[in-house]
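>
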Amino acid sequence: MAGLDAYGGLPDAIARHELMRTLFLPIIRADFHLLEDGARSIDEYVPVRSPLTILNGKDDASAQQAPPGVWEALSTSGVEFHSYAGGHFFVDENLQSIIELIVEKTKRGLEKDGVSFQG
517 MAGLDAYGGL
527 PDAIARHELM
537 RTLFLPIIRA
547 DFHLLEDGAR
557 SIDEYVPVRS
567 PLTILNGKDD
577 ASAQQAPPGV
587 WEALSTSGVE
597 FHSYAGGHFF
607 VDENLQSIIE
617 LIVEKTKRGL
627 EKDGVSFQG
(Lines of atoms letter the chains of each structure in order from A; the text may use other names.)
(Lines give C-alpha, C1' and ligand atoms only; values in the text may rest on other atoms or scores of the structure.)
Protein backbone atom coordinates (compact mmCIF):
# COMPACT_ATOMS: atom_id res chain seq x y z
CA MET A 517 0.00 0.00 0.00
CA ALA A 518 3.00 2.29 0.38
CA GLY A 519 3.31 2.61 -3.42
CA LEU A 520 -0.11 4.21 -3.54
CA ASP A 521 1.20 7.41 -1.93
CA ALA A 522 2.57 8.52 -5.31
CA TYR A 523 -1.01 8.40 -6.65
CA GLY A 524 -2.66 10.28 -3.82
CA GLY A 525 -2.96 7.36 -1.41
CA LEU A 526 -5.74 4.90 -0.81
CA PRO A 527 -9.11 6.54 -0.12
CA ASP A 528 -9.93 6.41 3.60
CA ALA A 529 -13.18 4.54 2.98
CA ILE A 530 -11.15 1.64 1.58
CA ALA A 531 -8.07 1.89 3.79
CA ARG A 532 -10.07 1.69 7.04
CA HIS A 533 -12.39 -1.11 5.96
CA GLU A 534 -10.93 -4.63 5.93
CA LEU A 535 -13.47 -6.07 3.47
CA MET A 536 -12.93 -3.16 1.06
CA ARG A 537 -9.16 -3.64 1.24
CA THR A 538 -9.64 -7.36 0.55
CA LEU A 539 -11.78 -6.55 -2.49
CA PHE A 540 -9.77 -3.68 -3.95
CA LEU A 541 -6.12 -4.53 -3.23
CA PRO A 542 -6.00 -7.30 -5.89
CA ILE A 543 -7.39 -4.80 -8.42
CA ILE A 544 -4.84 -2.19 -7.39
CA ARG A 545 -2.03 -4.75 -7.61
CA ALA A 546 -3.19 -5.62 -11.14
CA ASP A 547 -3.06 -1.91 -12.03
CA PHE A 548 0.53 -1.70 -10.80
CA HIS A 549 1.37 -4.84 -12.78
CA LEU A 550 0.04 -3.17 -15.94
CA LEU A 551 1.99 -0.01 -15.18
CA GLU A 552 5.20 -1.95 -14.66
CA ASP A 553 4.95 -4.69 -17.28
CA GLY A 554 2.25 -3.62 -19.71
CA ALA A 555 3.95 -0.44 -20.83
CA ARG A 556 7.00 -2.38 -22.00
CA SER A 557 5.02 -4.79 -24.13
CA ILE A 558 2.41 -2.49 -25.73
CA ASP A 559 3.51 -3.55 -29.23
CA GLU A 560 2.40 -7.11 -28.49
CA TYR A 561 -1.29 -6.20 -28.25
CA VAL A 562 -3.84 -6.49 -31.04
CA PRO A 563 -6.09 -3.42 -31.18
CA VAL A 564 -9.71 -3.85 -30.10
CA ARG A 565 -12.52 -3.10 -32.55
CA SER A 566 -14.51 -1.09 -30.00
CA PRO A 567 -13.98 2.62 -29.44
CA LEU A 568 -12.15 3.50 -26.24
CA THR A 569 -13.13 6.19 -23.77
CA ILE A 570 -10.20 7.23 -21.61
CA LEU A 571 -10.84 9.01 -18.30
CA ASN A 572 -8.12 10.62 -16.23
CA GLY A 573 -7.56 13.11 -13.43
CA LYS A 574 -5.95 16.36 -14.59
CA ASP A 575 -3.55 16.25 -11.62
CA ASP A 576 -2.61 12.56 -12.06
CA ALA A 577 1.03 12.69 -13.14
CA SER A 578 1.04 9.00 -14.08
CA ALA A 579 -1.77 9.49 -16.63
CA GLN A 580 0.16 12.24 -18.38
CA GLN A 581 3.11 9.96 -19.19
CA ALA A 582 1.61 8.07 -22.15
CA PRO A 583 3.38 9.13 -25.35
CA PRO A 584 1.18 10.52 -28.15
CA GLY A 585 -0.57 7.81 -30.13
CA VAL A 586 -0.30 5.05 -27.51
CA TRP A 587 -4.02 4.92 -26.75
CA GLU A 588 -4.96 5.32 -30.43
CA ALA A 589 -2.88 2.26 -31.28
CA LEU A 590 -5.08 0.14 -29.00
CA SER A 591 -8.34 0.62 -30.93
CA THR A 592 -9.35 0.46 -34.58
CA SER A 593 -12.52 2.44 -33.81
CA GLY A 594 -11.16 5.60 -32.25
CA VAL A 595 -10.35 6.98 -28.84
CA GLU A 596 -12.08 9.71 -26.85
CA PHE A 597 -10.45 11.43 -23.87
CA HIS A 598 -12.16 12.98 -20.84
CA SER A 599 -10.16 14.78 -18.15
CA TYR A 600 -11.60 15.53 -14.74
CA ALA A 601 -10.51 17.63 -11.78
CA GLY A 602 -8.44 15.62 -9.32
CA GLY A 603 -5.58 13.18 -9.08
CA HIS A 604 -5.37 9.42 -9.48
CA PHE A 605 -8.63 8.92 -7.55
CA PHE A 606 -10.52 11.58 -9.57
CA VAL A 607 -13.58 9.32 -9.77
CA ASP A 608 -14.41 10.05 -6.12
CA GLU A 609 -14.81 13.77 -6.85
CA ASN A 610 -16.57 13.38 -10.23
CA LEU A 611 -18.78 10.34 -9.77
CA GLN A 612 -22.05 11.85 -11.02
CA SER A 613 -20.63 13.19 -14.29
CA ILE A 614 -18.76 9.92 -14.90
CA ILE A 615 -21.95 7.93 -14.37
CA GLU A 616 -23.73 10.23 -16.84
CA LEU A 617 -20.95 9.65 -19.39
CA ILE A 618 -21.18 5.86 -18.97
CA VAL A 619 -24.97 5.96 -19.40
CA GLU A 620 -24.62 8.14 -22.52
CA LYS A 621 -21.96 5.86 -24.05
CA THR A 622 -23.96 2.74 -23.25
CA LYS A 623 -27.15 4.20 -24.68
CA ARG A 624 -25.37 5.31 -27.86
CA GLY A 625 -23.75 1.89 -28.28
CA LEU A 626 -27.04 0.06 -27.82
CA GLU A 627 -28.84 2.34 -30.27
CA LYS A 628 -26.05 1.88 -32.82
CA ASP A 629 -26.61 -1.88 -32.54
CA GLY A 630 -30.35 -1.47 -33.06
CA VAL A 631 -31.38 -1.93 -29.44
CA SER A 632 -33.90 0.62 -28.22
CA PHE A 633 -33.09 2.16 -24.87
CA GLN A 634 -35.78 3.32 -22.47
CA GLY A 635 -34.88 5.37 -19.43
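Sequential numbering of the sequence shown, starting at 517, is according to our numbering. Glycine residues also receive a C-beta, built at the ideal position from the N, C-alpha and C atoms.
1) Tell me the rounded alpha-carbon separation between residue 582 and residue 591.
2) Which same chain residues, not among the five before or five after residue 596, have their C-beta less than 8 Å away from its C-beta?
3) By Cβ distance below 7 Å, which residues in the same chain neighbour residue 538 in space, the five residues on each side in sequence not counted?
4) Is it the case that the Cβ atoms of residue 574 and residue 599 are separated by a distance below 7 Å?
5) Determine the direct distance from the alpha carbon of residue 625 to that of residue 619, and round the result to whole angstroms.
6) In whole angstroms, what separates the C-alpha of residue 594 from that of residue 526?
Quick answer:
1) Roughly 15 Å separates the two Cα atoms.
2) For residue 596, where only same-chain residues beyond five positions count, the Cβ hits under 8 Å are 567, 568, 569, 570.
3) Cβ within range, chain order: n/a, list empty.
4) Taking 7 Å as the Cβ cut-off, residue 574 and residue 599 qualify as a contacting pair.
5) Residue 619 and residue 625 have their C-alpha atoms roughly 10 Å apart.
6) Rounded to the nearest angstrom, the two C-alpha atoms are 32 Å apart.
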